[in-house]
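Chemist: Mapped onto this note's numbering, the consecutive letters of the sequence shown carry residue numbers 698 to 1052.
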Amino acid sequence: MAENDIWTIRTALEWTVGYLGRKGDESPRLSAEWLLSEACGLSRIGLYADFDRPLSMGERDALRGFVTRRGRGEPLQYITGEVGFRHIVVKVRPGVLIPRPETEVLVSEALALLPAPPRRVAADSMPDDPSPVADGAREEGAPEEPEGGARGAFGAKPASGPAEGGEAPADEGSPAKSEAPALLVADICTGSGCIACSLASEHPLARVVATDVAPEAVALARENAAALGLDERVCVVECDLGEGVDPALMGRLDLVVSNPPYVPSSVLADIPREVTDFEPALALDGGADGLDVLRRLLPWCACALKPGGGAAFELHETCLDEAARLAEEAGFEGARVVCDLAGRPRVLVIRKPVG
698 MAENDIWTIR
708 TALEWTVGYL
718 GRKGDESPRL
728 SAEWLLSEAC
738 GLSRIGLYAD
748 FDRPLSMGER
758 DALRGFVTRR
768 GRGEPLQYIT
778 GEVGFRHIVV
788 KVRPGVLIPR
798 PETEVLVSEA
808 LALLPAPPRR
818 VAADSMPDDP
828 SPVADGAREE
838 GAPEEPEGGA
848 RGAFGAKPAS
858 GPAEGGEAPA
868 DEGSPAKSEA
878 PALLVADICT
888 GSGCIACSLA
898 SEHPLARVVA
908 TDVAPEAVAL
918 ARENAAALGL
928 DERVCVVECD
938 LGEGVDPALM
948 GRLDLVVSNP
958 PYVPSSVLAD
968 IPREVTDFEP
978 ALALDGGADG
988 LDVLRRLLPW
998 CACALKPGGG
1008 AAFELHETCL
1018 DEAARLAEEA
1028 GFEGARVVCD
1038 LAGRPRVLVI
1048 RKPVG
């Protein structure tokens, strides 16, 4: 469109769809709707309800910038800066893996490994609205967060450690003070924190220590936990796998969940350019067979989980049978493979024996 043309929502949408289609976008209309929504501050439905509204110059400039980035293949989520994941919305940005729909299946399986909260706790702790923002909010008069931010909230090695006796801290009025004890969870390779925040928002007794080796991911996960009001029950620690989890918690965890780097190195070349050109290789490459990180995690899980505790891992579809064999070899039982939304093997579920 020419500079002096009147850009209405309708004409801007049609132009954007055509431009992105010529650039090879697989879903140009969907992309155009998201970008125009972001530029105009409207929902996608709102666009169609206000088709003839002219765009302001600021909106036009914003749209041009978004469309240029998308035309170069940059993921929509990095451009808009957020993505919906289960019942929450998390921030995303370059340098950190974008949450995928298949990871929602991982969260479902992880939640199924935890005991359901008593009905009274669930009713008292969960908000009426599905949004979890109020779930972990600080109670009036609760102690201030210690220096170091979320690190001091739950079992983080760099801070002063857990409460006396190794117990996870329990603020007055929190689920941990109810008759039901807190459930201790580790989310390894947390990335954006979408898994840790979902578990904390959907299970009122869960206290999650989330780890990642990438400083960019740690910073983003802390931001997401704080934005969702969950930073008293989600502690994010920068470390390699589980090395930063407080030793006092070893042998006491109810659950370990992980979406580690799992793409076999040979498969990386076949992944769409939108992923390999923009998302961090550190969060993707799982070694020759995709199981390098799992091999390191299984011995740690055997030490970290309490008897009867469970673990769930998202893995590449070609790796699940071998992953189950490795888990059984490491002493775990009940290995079960769960398919993702497309019917592909995706999640390994195991338990540590009770005896």
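All C-beta atoms in this analysis are idealised placements derived from N, C-alpha and C, irrespective of residue type, glycine included.
Rounded to whole angstroms, what's the CA-CA distance from arginine 1057 to cysteine 932? Just pull it up for me.
Modeler: Nothing in the structure corresponds to residue 1057, since the chain is present only between 698 and 1052.
Chemist: Determine which residues share a DSSP beta bridge with aspartate 909 and list them.
Modeler: Glu935
Chemist: Per the contact definition of three or more C-beta pairs closer than 8 Å, is the segment 760-780 in contact with the segment 992-1012?
Modeler: Touching, no.
Chemist: Are there 16 or more other CB atoms within 10 angstroms of the CB of glutamate 940, so buried, or fewer, so exposed?
Modeler: exposed
Chemist: Considering only the beta carbon of each residue, do leucine 902 and leucine 880 sit closer than 8 Å?
Modeler: For leucine 902 and leucine 880, yes; Cβs fall inside 8 Å.
Chemist: Please report the straight-line C-alpha distance between leucine 733 and leucine 1002, rounded to a whole angstrom.
Modeler: 47 Å
Chemist: Check for me: the beta strand (DSSP E) holding serine 955 runs from which residue to which?
Modeler: 950-955
Chemist: Would you say the segment 949-966 touches the segment 976-986, given that touching needs at least three Cβ pairs under 8 Å?
Modeler: yes
Chemist: Kindly give me the distance between the Cβ atoms of valine 1046 and valine 802, rounded to whole angstroms, as I take these residues to be in contact under 8 Å.
Modeler: Not a contact, Cβ separation roughly 11 Å.
Chemist: By how many angstroms is the C-alpha of valine 787 removed from the C-alpha of proline 1042?
Modeler: Straight-line spacing of the CA atoms in proline 1042 and valine 787 works out to 26 Å.
Chemist: Can you find the residues in the same chain that come closer than 6 Å, C-beta to C-beta, to glutamate 799, ignoring five residues on each side of it along the sequence?
Modeler: Asp1037 and Arg1043
Chemist: On the DSSP bridge assignment, give the partners of phenylalanine 1010 in chain order.
Modeler: Ser955 and Leu1045
Chemist: In the DSSP assignment, find the alpha helix (DSSP H) that holds glutamate 899 and state where it starts and stops.
Modeler: 891-899
Chemist: When you compare each of Cys737, Gly888 and Arg797 to leucine 938 by their alpha carbons, which one comes out closest?
Modeler: Gly888
Chemist: Please check the pair cysteine 894 and leucine 925, which I expect to be a contact at CB under 8 Å, by giving their CB distance rounded to whole angstroms.
Modeler: 5 Å
Chemist: Pick from Gly792, Leu917 and Leu946: whose alpha carbon is nearest that of arginine 904?
Modeler: Leu946
Chemist: Going by Cα to Cα distance, which pick from Cys1016, Arg719 and Ala911 is closest to valine 934?
Modeler: Ala911
Chemist: Per the contact definition of three or more C-beta pairs closer than 8 Å, is the segment 763-774 in contact with the segment 729-743?
Modeler: yes
Chemist: For valine 954 and alanine 807, I'd like the C-alpha separation in whole angstroms.
Modeler: Taking the straight line joining both Cα atoms gives about 7 Å.
Chemist: Identify, in the order they occur along the chain, each residue of the same chain with its Cβ nearer than 7 Å to the Cβ of proline 814, setting aside the five sequence neighbours on each side.
Modeler: Ala877, His900, Pro901 and Leu902
Chemist: Whole angstroms are fine: how far does the CA of glycine 721 sit from the CA of valine 1034?
Modeler: 35 Å
Chemist: Using DSSP's beta-bridge definition, name the partner residues of lysine 788.
Modeler: Glu779
Chemist: Output the residue ranges of the alpha helix (DSSP H) runs that lie fully inside the segment 717-766 and measure 4 residues or longer, sorted by chain position.
Modeler: 725-737 and 741-746
Chemist: When we look at the beta-carbon of phenylalanine 1137 and count the other beta-carbons within 10 Å, is it buried (16 or more) or exposed?
Modeler: Residue 1137 lies beyond the residue range present for the chain, which begins at 698 and ends at 1052; the question has no answer from this structure.
Chemist: According to DSSP, which residues form a beta bridge with aspartate 982?
Modeler: Val960
Chemist: Which residue wins for smallest C-alpha separation from proline 725, given the options Pro772, Cys1000, Ala999 and Gly738?
Modeler: For the residues Pro772, Cys1000, Ala999 and Gly738, the minimum Cα distance to proline 725 belongs to Pro772.
Chemist: Helix or strand or just coil, what does DSSP make of glycine 1031?
Modeler: strand
Chemist: Between the alpha carbons of glutamate 1011 and asparagine 956, how many angstroms are there, rounded?
Modeler: Straight-line Cα distance between these residues: approximately 5 Å.
Chemist: List the endpoints of the continuous alpha helix (DSSP H) containing aspartate 1018.
Modeler: 1017-1026
Chemist: Please state the DSSP three-state secondary structure of glycine 1005.
Modeler: strand
Chemist: Nearest-angstrom Cα distance between arginine 848 and alanine 1032?
Modeler: Confidence is the limiting factor: at arginine 848 the pLDDT is only 38, short of 50, which leaves the residue's position unreliable, though a coordinate-based value still follows. Cα to Cα, arginine 848 sits roughly 33 Å from alanine 1032.
Chemist: Could you give the DSSP three-state label for leucine 881: helix, strand or coil?
Modeler: In the structure shown, leucine 881 sits in a strand (DSSP, three-state: E or B).
Chemist: Proline 824 to alanine 709, Cα distance in whole Å?
Modeler: Only weak support is given to the placement of proline 824: the predicted model assigns it a pLDDT of 40, under 50, and the question is left unresolved by the model.
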